[in-house]
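So the sequence shown is residues 1 to 452, counted in UniProt numbering.
Please read the structure below before turning to the comments.
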Amino acid sequence: MRSIRARLLAILLGSTGLVWVLAVIWIYLGTQAEVERVLDARLMEAARMVNSLLTDQRIELAAADADGNRPAVSFEFSSPPYERQLSCQIWSLDGTLVGRSEHAPEGRLTEAVDGFSETVVGDETWRVYTIENPILGVRVMVGDSISIRDRLVSDVITGLVVPAALILPFLATAIWLSVRRGMAPLNAMADALSSRPANDLRPLPDSDLPQEIAPAVRALNGLFTRVADARDREKTFTAFAAHELQTPLAGLKTQAQVALASGDGDVHANALRQISTGVDRTSRLVKQLLDLVAVEAEGQARGTVAGRPMDIVERIVVELPPAASGRVEVADGGADLEASLDPILLTLALRNLIENAINHSPDGAKVVVHLCETDGGVDIVVEDTGPGMPENELPRAADRFFRGRASAGAGSGLGLAIAKEAADRMGGALHLENRQPHGLRAVLSLRAKGAP
C-alpha cells in the first residue's frame, strides 16, 4: 500500500540530502578556490616582504668570498600548527644559495625566474612565487608545500561540513514531525469515516480545514449527499413498487379464488377475464419498473451521440401491438433532423410517452407524434385527446408513481417518470401542457447535434 506520509518523507529527505550534497560540493570547490587565492596572495606578499627587507638591509647578506660565494643565511619563517607551511630561499642570479628559512629544502624551489610556478623538490610538490631583485642580484622564492595546502583546505572544509552533518539527524527528525503533524487532519478525517456506520451519510465538518484537504472534504460531502438522495429514492421506489405490485397480485388471487369456487359459467368466465386484465396491468407495471432501472443504468454507463429521432419514433410504432400502432399518427417532416441522443434512453422515453398517450385517450382516438426544429435542438411532441390534467398537477405529473385525480386507475404512474429521467440523462427536458379543448401535449426536447 502506498503511503502519502512515506512519499512525503522520501521526497523531503531526499531533496534535503541532495541539497546538502550539492552544498558540500559547492563549499568544497568554493573554499578550495578561495583558499588557493588567499594562499597565493600570501606567497606574493611574503616574497615582496622579504625582497623589501633585503632592499632595506634589514636582512643582511654575507659578504662574498674571493670566489664570489656567499655563505647562506638562515632565518625563521614558520608558525604552528602548520609548521613549515611557508619556506623561503634567496638565490643569487648566478645560481648560488645565499639564504633560506629554517626547514626550507636545500634544493632549489623552482627554476622559474619570476611569478608563480609549481615544482617537485624531492618527493614533495611546491607552489612557489619568485621575485627578482636586479639591484642586489638575487631572486627571492617563497613556496607552499601542496600537501600542507591541501591539509589546510581539508581542515577548513571539515570545520564547515561536520557541523552541518551533525545537524542532519535533527533536521530529519524535524521533517518527520512536521509531516506527521501535517497529516493529522487526514488521519482525523479517516478516523471519523472509519468509525461511522454504513448508513451514516452526514456531511463531514468542513470548517477550519487546511486548504489542500478542503476540496476532498467538499467532494466527499457532495458524494454523501448524492448517495443519500439515491438511497431515499430507492427506498421510495421500493415502497411504491411493493404497493403497486401487491394490489394487482391481491386482485389476481381474489379472482382466481372466485373462478375456482364458482360453478356459474358466467361468473367463472368473468373472473378469468379479470385475471387476464390484471395480468396485463401487472406485466405493464413490471415492464415499466424494468424500464426505469434500465434508464438509470444506461444513463450512468453511456454518453450521447448524434442521431435522427425520427428513426427511433418509426421503429417504436412498428414494434407496438397492431391495435396500438394503428392509433399512432406520425406527422410528415423532421425525418432528416438530427440531435444529441442516446438511442436506448430515447427509445424508453418515447415508448412510454406513446403508450401513456394511448392509454389515456378514448378508444379509437389518434395519438399524434411530430418533430420540430428549435434554436437549441429538436423537440419531439406527443399529443393525445384524453382528459388532460388539472394545471396544479402538471408540475408533479412526472414524479414516480404519481397518479392524478383524473386518472382512470389503469396506469402505474411511471410512464412520465421514465420519460423525464431519460430526458434528463440525455441532457434534454420533458415539458407537459394541456391542449385545448382537451388532451395532453408532452414535449421531449433534445439538444442539438454536437452540443456538449
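By construction, the Cβ of each residue, glycine as well, lies at the ideal position given by its N, Cα and C atoms.
In angstroms, rounded to a whole number, what distance separates the CA positions of THR158 and MET183? If you take the alpha carbons of THR158 and MET183, they lie about 37 Å apart.
Using a Cβ-Cβ cut-off of 7 Å (strictly less than) and excluding sequence neighbours within five positions of ASP150, which residues of its own chain qualify? Hits under 7 Å: none found.
Any idea what DSSP makes of GLN89, helix, strand or coil? Residue state for GLN89 is assigned as strand, using DSSP reduced to three classes.
Would DSSP call MET426 helix, strand or coil? In this structure, MET426 counts as coil in the three-state DSSP scheme.
So, helix, strand or coil for GLU338, using DSSP? In this structure, GLU338 counts as coil in the three-state DSSP scheme.
Taking the CB atoms as reference points, tell me whether GLY413 and ARG425 lie closer together than 8 Å. For the pair GLY413 and ARG425, the CB atoms are not nearer than the 8 Å cut-off.
Between the C-alpha atoms of VAL179 and LEU43, what's the straight-line distance to the nearest angstrom? Rounded to the nearest angstrom, the two C-alpha atoms are 52 Å apart.
Buried or exposed by the 16-neighbour rule on C-beta atoms within 10 Å, applied to ASP336: Answer is exposed; the Cβ neighbour count stays below 16.
If we count the other Cβ atoms within 10 Å of its Cβ and call it buried at 16 or more, is HIS360 buried or exposed? Burial call: buried.
Quick one: what does DSSP say PHE224 is sitting in, helix, strand or coil? Secondary structure of PHE224 (DSSP, three-state): helix.
Inside the segment 185–211 only - beta strand (DSSP E) runs reaching at least 3 residues: Restricting attention to beta strand (DSSP E) runs no shorter than 3 residues, the segment 185–211 encloses none.
Mapping the DSSP letters down to three states, classify LEU440 as helix, strand or coil. LEU440: strand per DSSP, three-state reduction.
Quick one, which of SER3, GLY137, GLY333 and HIS431 has its alpha-carbon nearest ALA398's? Checked all of SER3, GLY137, GLY333 and HIS431; the closest Cα to ALA398 is HIS431.
Selected residue, minimal CA-CA separation from ASN392, among GLU433, VAL368 and GLY427: Checking every option, the nearest Cα to that of ASN392 belongs to GLU433.
Have a look at LEU22 and VAL38 and give me their C-alpha separation to the nearest angstrom. Answer to the nearest angstrom: the Cα atoms are 24 Å apart.
So is ARG281 buried or exposed if we call it buried at 16+ other beta carbons inside 10 Å? Buried, because 16 or more other Cβ atoms sit within 10 Å of the Cβ of ARG281.
Would DSSP call GLN32 helix, strand or coil? GLN32: helix per DSSP, three-state reduction.
Out of PRO395, ALA448 and ALA357, state which residue places its alpha-carbon closest to the alpha-carbon of GLY415. Of the candidates PRO395, ALA448 and ALA357, the residue whose Cα lies closest to the Cα of GLY415 is ALA357.
Can you list, in chain order, the residues of its chain whose CB lies under 7 Å from that of SER3, leaving out five sequence neighbours each side? Contacts found: none.
Is DSSP giving ASP144 helix, strand or coil here? It is a strand residue.
Classify ASP232 as buried or exposed, calling it buried when 16 or more other Cβ atoms lie within 10 Å of its own Cβ. Exposed, by the Cβ-count rule.
With 16 other CB atoms within 10 Å as the buried threshold, where does GLN436 fall? Per the 10 Å Cβ criterion, exposed.
Just to confirm my understanding: we take PRO251, look at its own chain, exclude 5 residues before and 5 after, and list those with CB closer than 6 Å. What are they? In the sequence on display, residue 251 carries Gly and not Pro. Excluding positions up to five away in sequence, the list reads GLY278.
If you draw a straight line from the C-alpha of MET310 to the C-alpha of PRO322, how long is it? A straight-line Cα-Cα distance of about 20 Å links MET310 and PRO322.
From the DSSP output, in three-state form, read off GLU124 for me. If DSSP states are grouped into helix, strand and coil, GLU124 belongs with the strands.
Output the distance between the C-alpha atoms of GLY409 and PRO390, rounded to the nearest integer angstrom. In this predicted model, GLY409 has a pLDDT of only 49, less than 50, meaning its place in the structure is not dependable; the value taken from the coordinates is given anyway. GLY409 and PRO390: Cα-Cα distance of roughly 16 Å.
Exposed or buried, what is LYS420 when buried is set at 16 or more other beta-carbons lying within 10 Å of its beta-carbon? Residue environment for LYS420: buried (at least 16 other C-beta atoms within 10 angstroms of its C-beta).
Following the continuous beta strand (DSSP E) through LEU97, name the residue where it begins and the one where it ends. 97–101 is the extent of the beta strand (DSSP E) around LEU97.
THR225 versus SER194, THR374, ASN199 and PRO163, residue with shortest Cα-Cα distance: For THR225, the nearest C-alpha among the options comes from ASN199.
Work out the CA separation of ASP155 and GLU34 for me, nearest whole Å. Taking the straight line from one Cα to the other gives about 14 Å.
Pull up the distance between the alpha-carbon of THR385 and that of ARG327, whole angstroms please. Straight-line Cα distance between these residues: approximately 11 Å.
Among ARG403, PRO215 and ALA228, which residue has its Cα nearest to the Cα of GLY388? Put simply, of ARG403, PRO215 and ALA228 the residue whose alpha carbon is nearest the alpha carbon of GLY388 is ARG403.
Tell me which residue opens and which closes the beta strand (DSSP E) that LEU320 is part of. Premise fails: LEU320 is in no beta strand (DSSP E) and is neither H nor E.
For GLU36 and ALA172, the rounded distance between their alpha carbons: About 35 Å.
Please work out which residues of its chain come closer than 7 Å, Cβ to Cβ, to ARG351, disregarding the five sequence neighbours upstream and downstream, and give them in chain order. Annotation for ARG351: ILE316 place their beta carbon closer than 7 Å to its own, counting only its chain and skipping 5 residues before and after.
Identify every residue that forms a DSSP beta bridge with GLY377. DSSP lists THR374 and ARG447 as the bridge partner or partners of GLY377.
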